[in-house]
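Asks: Each residue of the sequence shown is one higher than the one before, starting from 47 at the first, in this note's numbering.
Just dropping this structure here.
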Amino acid sequence: MSQLLGLSFDCVSSPSIELKAVHRPGGQAPYGWGFGWYPGEDHAAMLVKDPTSIGDNAMTEVLRDWKRFRSTAFVCHLRGAAQRITQQDTHPFLRSYGGRDWLLAHNGDLRADAIRLGDEPVFSPVGRTDSERAFCWLLARVREVRARCLADLGWARLHAWLSELNALGTLNLLLSDGRDVVAYHDRGGFNGLAWARRRPPHETAELDADDLRLAFPDGRDTTRTMVVFATRPLSREPVWAPFLPGQLLVARRGDVVWSSHGEVDQPIARPGAGEGGAAASGPVQVQASAAAAGPLALEVGPAPGGPAVGVAQEPVPAGRPGAAAREYALGAGPA
């Protein structure tokens, strides 16, 4: 079972990431993983991935010991022990557009044949995964509305697009442009997704789950505020909260700035409570969701330097983002 990990820090940080599965006795099955980040606060991403790690090796040592991971945004994917796949099909995927690199990781299965990219797509998949095809479709939509970064889109519009993709199967997804880290949870609750906002002073400097350990050996990083998205909670701290089905959260520099479901209610650990200790609940103030206020129309504008494409202006029924325009929006333009 694949797992997602997304991190957003208030200041550049350098986590140490240890893949615990490669150290287990007898655990010699290939273990696929990939990690992407934006060095410093650059718009250019770095990507390191290995589709078939066996035991500890130079690549896994880089994750654990390299001190130059420093970034405010990380997108990570653990595929686990599974059939051998190629480098081109290993998450996360990277594309350049709008003067910046974009990263995407996906957990789930989509009907790839239903994601139409057109005869001469601007973005084409290198590999064969449904995930990379969905990535190309999303970036084509971004280009059509002349957005240059995630924040240009309008979060309700992005949520509608992801809801349309979700109609083609199961979808847990992380997406980043180096500034924002977006997490979306499958509308049917597939595989789970959780999040936490950790604020100093931290009860522990490590986050420890079944497959990985996340540590912060640099003393500067123990004072960071961070938002963590993960398939499963990475600790027993009471700060973790589950995503709601179909929910989208946007993190920027260690804060949650938008939720598709209005205010998000996150447990807040009391100082000194420790793991499993008492916690209070409190709302995290975020920008209100436009989708919650009423119907949303998905608008697709002309592509820069190319022919105009159709505009889908049918209102989307409340509670079913993107449903009315689904067949149109998943294509490359009018038939």
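Quick reminder that beta carbons are idealized off the backbone N, C-alpha and C, glycines included.
None of the values given here were measured: they were computed from a predicted structure.
Measuring straight from C-alpha to C-alpha, what distance separates Ala119 and Arg270?
Replies: For Ala119 and Arg270, the distance between alpha carbons rounds to 13 Å.
Asks: To which residues of the same chain is Leu294 closer than 6 Å at the C-beta, ignoring the five residues directly before and after it?
Replies: Once the five neighbours on either side are set aside, the close Cβ partners of Leu294 are His205, Tyr230 and Ser306.
Asks: Helix, strand or coil: which one does DSSP assign to Gly352?
Replies: Bear in mind that a pLDDT of 38 at Gly352, under 50, signals an unreliable position, so the number given afterwards is only what the model happens to contain. Coil, per DSSP.
Asks: I want to know whether the segment 216-233 touches the segment 269-286 - three or more CB-CB distances under 8 Å.
Replies: Touching, yes.
Asks: Using the Cα positions of Thr250 and Phe289, report the straight-line distance between them to the nearest angstrom.
Replies: Approximately 23 Å between the Cα atoms of the pair.
Asks: Is Thr175 buried or exposed, if buried means 16 or more other CB atoms sit within 10 Å of its CB?
Replies: Counting Cβ neighbours within 10 Å, Thr175 comes out buried, since at least 16 surround it.
Asks: Judging by CA-CA distance, which residue of Gly234, Pro171 and Leu239 is the nearest neighbour of Asp159?
Replies: Looking at the Cα atoms, Pro171 is the closest of the given residues.
Asks: Buried or exposed: which applies to Gln49, given that a residue is buried once 16 or more other Cβ atoms fall within 10 Å of its Cβ?
Replies: Counting Cβ neighbours within 10 Å, Gln49 comes out buried, since at least 16 surround it.
Asks: For Asp135, I'd like the list of residues in its chain whose CB is within less than 8 Å of its CB, leaving aside the five on either flank, ordered along the chain.
Replies: Around Asp135: Pro97, Gly173, Arg174, Thr175 and Glu178.
Asks: By the 10 Å Cβ neighbour count, where 16 or more other Cβ atoms means buried, how is Ser142 classified, buried or exposed?
Replies: Classification for Ser142: exposed.
Asks: Which stretch, first to last residue, makes up the alpha helix (DSSP H) that contains Leu239?
Replies: Leu239 -> no alpha helix (DSSP H), and no H or E assigned at all.
Asks: What three-state label does DSSP hand Asp232 in the structure shown?
Replies: Coil.
Asks: For Ser281, collect the residues of the same chain with a Cβ closer than 6 Å to its Cβ; drop the 5 residues on either side in sequence, then sort them by chain order.
Replies: Cβ within range, chain order: Leu253.
Asks: State the Cα-Cα distance for the pair Asp301 and Gly215, rounded to the nearest angstrom.
Replies: So the two alpha carbons sit approximately 30 Å from each other.
Asks: Counting C-beta neighbours from all protein chains within 10 Å, is the total for Gln359 16 or more, i.e. buried, or is it exposed?
Replies: At Gln359, the pLDDT of 31 sits below 50, so the modelled position is not reliable; the number obtained from the coordinates is stated separately. So Gln359 ends up on the exposed side.
Asks: Does Leu53 pass the burial test, meaning 16 or more other C-beta atoms within 10 Å, or should it be called exposed?
Replies: The residue in question, Leu53, is buried, as its Cβ has 16 or more Cβ neighbours within 10 Å.
Asks: Does the distance from the CB of Gly154 to the CB of Val121 come in under 7 Å?
Replies: Cβ distance not < 7 Å, so Gly154 and Val121 don't count as in contact.
Asks: Thinking just about the alpha-carbon of each residue, which of Arg259, Asp264, Trp286 and His248 is nearest to the one in Gly238?
Replies: Minimum Cα distance to Gly238 is reached at Trp286.
Asks: When we look at the beta-carbon of Asp256 and count the other beta-carbons within 10 Å, is it buried (16 or more) or exposed?
Replies: The residue is exposed, with fewer than 16 neighbouring Cβ atoms inside 10 Å.
Asks: Between which two residues does the beta strand (DSSP E) carrying Phe412 extend?
Replies: Outside the displayed range of the chain (47 to 381) lies residue 412, so it cannot be described from this structure.
Asks: For Leu163, which of helix, strand or coil comes out of DSSP?
Replies: Note: Leu163 maps to coil in three-state DSSP.
Asks: What runs of the beta strand (DSSP E), each 3 residues or longer, lie entirely inside the segment 243-312?
Replies: Taking only runs of at least 3 residues, the beta strand (DSSP E) segments lying wholly in the segment 243-312 are 252-254, 258-261, 272-276, 294-298 and 301-305.
Asks: Between Trp201, Pro246, Val188 and Ala297, which has its C-alpha nearest Gly144's C-alpha?
Replies: Ranking Trp201, Pro246, Val188 and Ala297 by Cα distance to Gly144 puts Val188 first.
Asks: What does DSSP give as the partner residue(s) for Trp201 in the beta ladder?
Replies: In DSSP, Trp201 forms no bridge with anything.
Asks: Exposed or buried, Asp165, counting other C-beta atoms within 10 Å across all chains shown (16 or more means buried)?
Replies: With fewer than 16 other Cβ atoms within 10 Å, it is exposed.
Asks: By alpha-carbon positions, which one of Ala202, Asp232 and Ala297 ends up nearest to Arg393?
Replies: Since the first residue shown for the chain is 47 and the last is 381, residue 393 is missing from the structure and cannot be characterised.
Asks: DSSP three-state label for Phe181, please.
Replies: Phe181: helix per DSSP, three-state reduction.
Asks: On a Cα-Cα basis, can you pick out the residue from Phe181, Asn212, Val228 and Ser209 that is closest to Leu196?
Replies: Checking every option, the nearest Cα to that of Leu196 belongs to Val228.
Asks: Please determine, among Asp264, His248 and Pro246, the residue with the shortest C-alpha to C-alpha distance to Ser59.
Replies: Ser59 has its Cα closest to that of Asp264, out of Asp264, His248 and Pro246.
Asks: Under 7 Å, do Leu124 and Trp183 count as touching if we go by C-beta distance?
Replies: Their beta carbons are not under 7 Å apart, which means Leu124 does not touch Trp183 by this criterion.
Asks: Would you grab the beta carbon distance between Ser31 and Ala261 for me? Rounded to a whole angstrom, and I think it's under 8 Å.
Replies: This structure cannot settle anything about residue 31, because the visible part of the chain is limited to 47 through 381.
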